[in-house]
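The sequence shown begins at 0 in numbering that gives the first Met the number 0 and counts up one residue at a time.
Virtual Cβ for every residue (Gly too), placed ideally from N, Cα, C.
Comments concern the structure below.
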Amino acid sequence: MDFSWVHEGKLVLLEVKDFTQTTAMLAAADFVPVKNQPNPWRFEELVGKITDTILMMLAAWSGTAWGKSLAAELPAAVRKPIKLVLAVALDLPSNLKVYLGALKTALNDRLKGRLKVAGVEAVALMDYDTLISRPTFSPYVSRLLPA
């Protein structure tokens, strides 16, 4: 995940992706899995990042020797188990934003077991405009304007 902070007693972990420079080439099939087809690599990348994040946090809280060494590298506020909020923000053109719901469903379906182990209901997936309008995120993120 790209950014993290503690907000109202929860560790918020945020992954951000900006596809605005490559959008002419992108279509729904580049993000959303289709039954009986290989999953898009962008989808698999999100699954991998979220899985790695969950496993690292659980390891840090596990009490094993490696987990303790990992926990020592974390800020004090998150060295002990804390509720996780996992979020992904995608900057997409309007023609691709219509697929966010399908992508969110596919992502959460794929991660369901992993999320349950970490006590997470679901991954929040949204576009940048939604991200910067939500109270959990707005104090910490903003959209940079072109120079």
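What does the alpha-carbon distance come out to for the pair residue i and residue j?
i	j	result
Pro32	Val119	22 Å
Ile49	Met56	11 Å
Ala65	Thr104	Note that residue 65 corresponds to Trp in the displayed sequence, not to Ala. Rounded to the nearest angstrom, the two C-alpha atoms are 34 Å apart.
Ser132	Arg142	11 Å
Ser137	Met125	13 Å
Leu73	Leu110	24 Å
Phe30	Ala71	36 Å
Lys67	Leu130	33 Å
Val97	Ala27	9 Å
Ala58	Gly8	20 Å
Thr135	Leu114	20 Å
Lys34	Glu43	14 Å
His6	Asp108	26 Å
Gly47	Leu69	19 Å
With which residues is residue i paired in a DSSP beta bridge?
i	result
Val122	In DSSP, Val122 forms no bridge with anything.
Asp17	Asp90
Val5	Leu10
Val84	Val11
If you count every other CB in all the chains shown that lies within 10 Å of the CB of residue i, and 16 or more means buried, which is it?
i	result
Pro37	exposed
Val77	buried
Trp40	exposed
Leu54	exposed
Ala75	exposed
Lys11	Strictly speaking, residue 11 in this sequence is Val, with Lys absent from that position. Buried: at least 16 other Cβ atoms inside 10 Å.
Is the beta carbon of residue i within less than 7 Å of some heavy atom of the ligand COA?
i	result
Glu43	In terms of ligand content, the structure shown is empty, and the ligand COA therefore cannot be addressed.
Contact check, residue i vs residue j under 8 Å by CB: the rounded distance?
i	j	result
Val122	Leu106	6 Å
Glu14	Val87	5 Å
Lys16	Leu89	5 Å
Hey, would you say residue i sits closer than 8 Å to residue j, going by beta carbons?
i	j	result
Leu91	Phe18	yes
Leu25	Leu95	yes
Tyr139	Trp4	yes
Lys82	Trp60	no
Thr52	Met0	yes
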